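One structure is given here, and the rest of the page talks about it.
Protein chains in written order, with this note's numbering: chain A, 15 to 313; chain B, 15 to 313.
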């Protein structure tokens, strides 16, 4: 029943965001074509598009024009994709595959991967600042501020540093440290995704807080489920090498809580997320379905 | 005579920007302290502070409050410094020293250098978007847009890709290609520096264009002089290994034009720059002195 309303909406959002990125990213021409091609390679390779979906759904609650929401969502996805490109670098996670395809530094080279990541991050702010994103410059500025904070040293990038620290043998993160790390590394941008939709819709402070809280819980539930999949999953389903964290002896929600308690915690968070958006009634049906899907997914 | 008005102003700006960065960068606390320390290491290590000086001087023409101009200048310097951190990486220029000190990936590690660069870039937009930068959100948004465009795929990052392409044996760039590469790699941010001062001061379109044109010519004059110093300089003066470009067989203004014509061209550009700001009278005295200094400098 959940999938009845969610699957088509997720598929439509993924298709729309793919088209939006295709249209909004700079065309591959001129002497810097290699960079522009790498930017596209990094972003147009599919993925769940969870974050853009959140922006589109949050904006949809307030009847924001879809073309505006898509620009903001595309900017946010550029930031997410840049972070994957840099995370995959040999000096970081050293991954050769991403969604079953060679990572950017494998398909191009390491220098191009660093620069394509830099370019995507920069371009995201360029996209948000442009008039097409919203008539009101104050709204655009607020989007810039939200995205910068969510992805900066106290957000995603800070979380990545903590994640690297967690891998040092003997780091032995406890539940509080793992939670903090995940809230920064993945949670901050997921929250920003929902909040940007609210800002585009000039939501009331209460509505904005509710969407932030929803995304906060959704993000943690998503991450705990990722850790569960990392333990239980198979290469076929996730498209990347699994049980990698366990092999490294790195603390995760599952290594600390165990499978059963981790699963229960993810489900509790998903229900909490659902409650946060109850105030929007049927307008939040797909967000509700998403929260349940996130903990039930198999990949 | 030139140095009489320029040296103290440059020193004061360098000191002010150092203090502003010290104050504006996140304090080094919490589990992500290593990242925050690397951000400071990358930015608080001195340097000419040419770009912030341009912002301060351009803003000064229009009596912009110095604390606002310093915030914008600090944001811009964060972007400049992030680009140096990434340029120095082993996969790029592979430099061990910067301004006579170990580069960030040497003083910390490669992953931290990538992430500290990412964090500085992101933080720059955070700084610009915050209310302290300017009362008017439209002005802040315009600063964001200028900085994003100057440092993105068609600006600084694009220029870096062209610079890497120029190093491929047999690339054999001609004057047009070298000029385009330098305009993107260093010129775009130098232009943005002056333009951001003009925007803060709500300069007329004519005044803004004049300052852009000044910075355009100054940037090229600066780069040609850099190439001359690369050939003529000594390690003691520039604090980095010299004649590196020549050793790599890479095309530069000097390799294409020869020393004499390159020097004449730099001087012509500096005079052109001076003419662009003549409309500001004595308010541009220091910008005038700077243009002359840039081509006369020994390091």
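For each residue, glycine too, the CB sits at the ideal point set by N, CA and C. These figures come from a predicted structure and were not determined experimentally.
Residue 41 of chain B has a beta carbon lying at 8 angstroms or more from every beta carbon in chain A. Annotated as proximal: residue 221 of chain A and residue 212 of chain A, with beta-carbon spacing under 8 angstroms. Residue 74 of chain A has its alpha-carbon roughly 12 angstroms from the corresponding atom of residue 209 of chain A. With a cutoff of 8 angstroms on beta-carbon distance, residue 291 of chain B and residue 301 of chain B are scored as near each other. Around residue 183 of chain A, the same chain offers 263 as residues with beta carbons nearer than 8 angstroms, after the five sequence neighbours per side are excluded. With 16 or more other CB atoms across the displayed protein chains lying within 10 angstroms of its CB, residue 46 of chain A is buried. Annotation: Cβ neighbours of residue 166 of chain A in chain B (cutoff 8 angstroms, chain order): 133, 136, 137 and 140. Using a Cβ-Cβ cut-off of 8 angstroms, residue 46 of chain A counts as an interface residue toward chain B, since at least one Cβ of chain B sits closer than that to its own. The beta carbons of residue 201 of chain B and residue 225 of chain B sit about 14 angstroms from each other, so the pair does not count as a contact at 8 angstroms.
In this structure, A/131 is the residue among A/131, A/70 and A/115 with its C-alpha nearest to the C-alpha of residue 98 of chain A.
When secondary structure is reduced to three states using DSSP, residue 197 of chain A falls in the helix class. The Cβ atoms of residue 199 of chain A and residue 231 of chain A lie no closer than 8 angstroms to each other. Going by DSSP, residue 300 of chain B is part of the alpha helix (DSSP H) stretching over 299 to 310. Contact of residue 128 of chain B with chain A by beta-carbon distance below 8 angstroms involves 100, 103, 105, 106 and 128. Residue 237 of chain A has a beta carbon lying at 8 angstroms or more from every beta carbon in chain B. A residue is called buried when at least 16 other Cβ atoms come within 10 angstroms of its Cβ; residue 112 of chain A meets this threshold and is buried. Linking residue 240 of chain A to residue 305 of chain A through their CA atoms gives a straight-line distance of about 14 angstroms. Just so you know, the alpha carbons of residue 56 of chain A and residue 245 of chain A end up roughly 27 angstroms apart. Within chain B, 140 have C-beta atoms less than 7 angstroms from the C-beta of residue 163 of chain A, given in sequence order. DSSP places residue 115 of chain A in the strand class (E or B) of the three-state scheme. For a cut-off of 8 angstroms, the C-beta gap from residue 85 of chain A to residue 38 of chain A is around 7 angstroms, short enough to register as a contact.
The continuous alpha helix (DSSP H) containing residue 165 of chain A extends over residues 151 to 165. Between residue 83 of chain A and residue 155 of chain B, the C-beta gap is not smaller than 8 angstroms, which leaves the two residues out of contact. Between residue 48 of chain B and residue 175 of chain A, the C-beta gap is smaller than 8 angstroms, which places the two residues in contact. Contact between residue 286 of chain B and residue 237 of chain B fails: their C-beta atoms lie close to 15 angstroms from each other, not under 8 angstroms. Under a 10 Å Cβ-count criterion, residue 68 of chain B is classified as buried, with 16 or more other Cβ atoms of the shown protein chains found around its own Cβ. Taking all protein chains in view, the Cβ of residue 272 of chain A is surrounded by fewer than 16 other Cβ atoms within 10 Å, so the residue is classified as exposed. Contact check for residue 298 of chain B and residue 20 of chain B: beta-carbon distance about 12 angstroms, past the 8 angstroms limit, so the pair fails to qualify. The DSSP-derived three-state label of residue 313 of chain B is coil.
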